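> Below you will find the structure I want to go over with you.
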Amino acid sequence: MTFRCIDRVPGDDLQDLLDRGNGRLEAAGDPEYFWPNGATLRVRFLDGLPGLHRQVMAAATEWTDRANLTLVPVEEGPAEIRVTFDEPGNWSALGTMALFTEMFPADGPTLCLGEAPVTTPGRVALLARHEFGHALGLVHEHSSPAAGIRWNKPVVYRELGGAPNFWSPGTVDDNVFARYAADRTQFTEFDPKSVMLYPVPARWTLDGFGTVENTALSATDLEFVAATYPGR
């Protein structure tokens, strides 16, 4: 089982975001790291082929069809979102955390799609939708303040600790079990169709709860981003 990505959140900010309450899942984002409404975000590809760039941009702009933001590809110079395909895994800075140069140097990536060059066009689109959701400030659904998954932790540690993820227990804790604080996030009711929801095998939970891998932006995803960035 391959998890899509790791949230890239600086340590102190991660501790501020994390919470251990109980509840439900829902669409969620962190307002502190939302971009200014109406912002133009430059997207620069640091490597990769032009055809792959076009696939990624086509998927990414599905968000901005509803959000009052503009994604503009640039060939050189400064860019708020800098994409690489040359690092392992798939990850993104959370919203304006991309501007934290101590974590994301100005000449380095803020978003990685390491799986994209070796997978299908459909999965490239899925990965781009998910990671650009993070780039706009959306967090993982299972990490929302109201998340109430009853994890079978020994199973999750064992499976994510092996191939192909090789995650340490701490990485699993931060990216699977931890939840964001309610006073730091905006969220809606549970949306099992959200592209920001990890696929969760039923064997990973104590009560047989499971989710599938969603490939498209759901109606709630689009409603949430439109409410977050109104005016489109």
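Take the working numbering: the final residue in the sequence shown is number 934, and no numbers are missing along the way.
Ideal Cβ positions, reconstructed from N, Cα and C, are used throughout, including at glycine.
Note that the structure is a prediction, hence the values are computed from the model and not measured.
Under 8 Å between the Cβ atoms of A762 and L751?
no
> Going by C-alpha to C-alpha distance, which of L829, L748, H755 sits closest to M898?
L829
> Check whether the Cβ atoms of W793 and W853 sit closer than 8 Å, and answer yes or no.
Against a cut-off of 8 Å, the Cβ pair of W853 and W793 comes out as no contact.
> Check V745 in the structure and name its three-state DSSP category.
Of the three classes helix, strand and coil, the one that applies to V745 here is strand, per DSSP.
> For A929, report the span of its alpha helix (DSSP H) as first-last.
Counting along the chain, A929 sits inside the alpha helix (DSSP H) bounded by residues 921 to 930.
> Keeping to the same chain, check which residues put their C-beta closer than 8 Å to that of V874; ignore five residues upstream and five downstream.
V858, Y859, L862, G863
> For the candidate residues P903, H836, R744, M759, whose alpha-carbon lies nearest to that of F736?
H836
> In the structure shown, what three-state DSSP assignment does P775 receive?
strand
> Could you name the residues that DSSP lists as bridge partners for T907?
W853
> Just the C-alpha distance for D923 and T798, rounded to the nearest angstrom, thanks.
Near 19 Å, if we compare the C-alpha coordinates of T798 and D923.
> If contacts are defined as beta-carbon pairs under 8 Å, then A800 and I783 qualify, I think. What distance do you get, rounded to the angstrom?
6 Å
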